[in-house]
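Engineer:
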Amino acid sequence: MGSLKEQFWDPVAGFGVTFRTMFRKVVTEQYPFEKLPTAPRFHGRHQLNRWPDGLEKCIGCELCAWACPADAIYVEGDSNTEDERFSPGERYGRVYQINYLRCILCGLCIEACPTRALTMTNEYELADTSRESLIYEKSDLLAPLLPGMELPPHPMLLGADEGDYYRGNLHRIDPDAATEAEAEA
Ligand code: SF4
Ligand code: SF4
């Protein structure tokens, strides 16, 4: 049997906590009916970025895959040719997969990427009903084509030379002339 204080005062104090909480601001989020924006640097789904003419920034170097602690990334690189150019340099990522059953969204892969090809979006709705659908292919991860971009393969369409292209001194050049220049190089 407790003391007189424990028998009478403690229950009153307990209800006091209940009543105090009843009048506090509710913090429950009504997800999925109301979707609140995430923090700006929230680590969500990845994105493979493009240059302003639509070519891919990924050079298939696999550094992201080596940096990944969960072994969630699979990359196969390949060489660009004069007829089929997917990225401005020598190499591009022919196969690119991220397995979201393994990914812990830590962001080490985007730190490792030398070309800023790989970044993370704020998208967090990654649940699905099959294991296969959670292995994202390159086509799922590539950034959408914005106005002024063209779907690769195509030659570098902007800037007088590679220096202009990478420095961002961009003006549009004739695609046929670019193809001829590449063939001669
Ligand atoms: S976010 Fe982390 S776990 Fe996910 S693919 Fe990148 S390195 Fe791997
Ligand atoms: S995303 Fe970046 S690190 Fe990964 S293969 Fe492409 S260029 Fe290399």
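Numbering (this note's numbering) for the sequence shown: 16 to 200. Glycine residues also receive a C-beta, built at the ideal position from the N, C-alpha and C atoms.
(1) Ignoring anything shorter than 4 residues or poking outside the stretch 86-158, list the alpha helix (DSSP H) runs there in chain order.
(2) For Q62, which of helix, strand or coil comes out of DSSP?
(3) Would DSSP call E21 helix, strand or coil?
(4) Is the beta carbon of T130 within less than 7 angstroms of some heavy atom of ligand 2?
(5) For L133 and Y115, what's the separation of their Cα atoms in angstroms?
(6) Which residue's Cα is closest to the Cα of M171: E71, P52, E21 and L63?
(7) Please look up how many angstroms separate the CB atoms of L166 and G69, rounded, as I've assumed it's under 8 angstroms.
(8) By Cβ distance below 6 angstroms, which residues in the same chain neighbour C83 in space, the five residues on each side in sequence not counted?
(9) Can you list, in chain order, the residues of its chain with a C-beta nearer than 7 angstroms to that of R187? Leave out the 5 residues immediately preceding and following it.
(10) Compute every distance between the C-beta of I188 and the non-hydrogen atoms of ligand 2, then say whether any falls below 7 angstroms.
(11) Alpha carbons only, please: which of P52, E177, T130 and L160 is nearest the one belonging to C73?
(12) Mapping the DSSP letters down to three states, classify N77 as helix, strand or coil.
(13) Which same chain residues, not among the five before or five after I113, have their C-beta less than 7 angstroms away from its C-beta?
(14) So, at 8 angstroms on beta carbons, what are the nonlocal neighbours of L51 in its own chain, with the 5 sequence-adjacent residues on each side left out?
(15) What is the rounded straight-line gap between the Cα of R117 and the Cα of P55?
(16) Compute the Euclidean distance between the alpha carbons of E147 and A85, then round it to the nearest angstrom.
(17) Tell me the rounded alpha-carbon separation between S18 and W24.
(18) Could you tell me which residues DSSP pairs with E71 in its beta bridges?
Structural biologist: In terms of the structure at hand:
(1) Within the stretch 86-158, the complete alpha helix (DSSP H) runs of at least 4 residues are 123-127 and 153-156.
(2) Assigned with DSSP and collapsed to three states, Q62 falls in strand.
(3) In the structure shown, E21 adopts helical secondary structure according to DSSP, grouped into three states.
(4) The answer is yes for T130.
(5) Cα-Cα distance, rounded: 15 angstroms.
(6) Out of E71, P52, E21 and L63, E71 has the C-alpha closest to the C-alpha of M171.
(7) Contact holds; Cβ gap of about 6 angstroms.
(8) Excluding positions up to five away in sequence, the list reads C124.
(9) Taken in chain order, the residues that qualify are L172 and L173.
(10) No, Cβ of I188 sits at least 7 angstroms from all heavy atoms of ligand 2.
(11) When only C-alpha atoms are compared, the closest one is T130.
(12) The amino acid at residue 77 is misidentified as Asn; the sequence shows Glu. DSSP places E77 in coil when its eight states are reduced to three.
(13) Cβ-Cβ distances below 7 angstroms link I113 to H61, A87, I88, Y151 and L156 in the same chain, with the five nearest sequence neighbours on each side left out; the list follows chain order.
(14) Closer than 8 angstroms at Cβ, skipping near neighbours: E44.
(15) Looking at the two C-alpha atoms, the distance is approximately 24 angstroms.
(16) Near 17 angstroms, if we compare the C-alpha coordinates of A85 and E147.
(17) S18 and W24: Cα-Cα distance of roughly 10 angstroms.
(18) According to DSSP, E71 bridges with R65.
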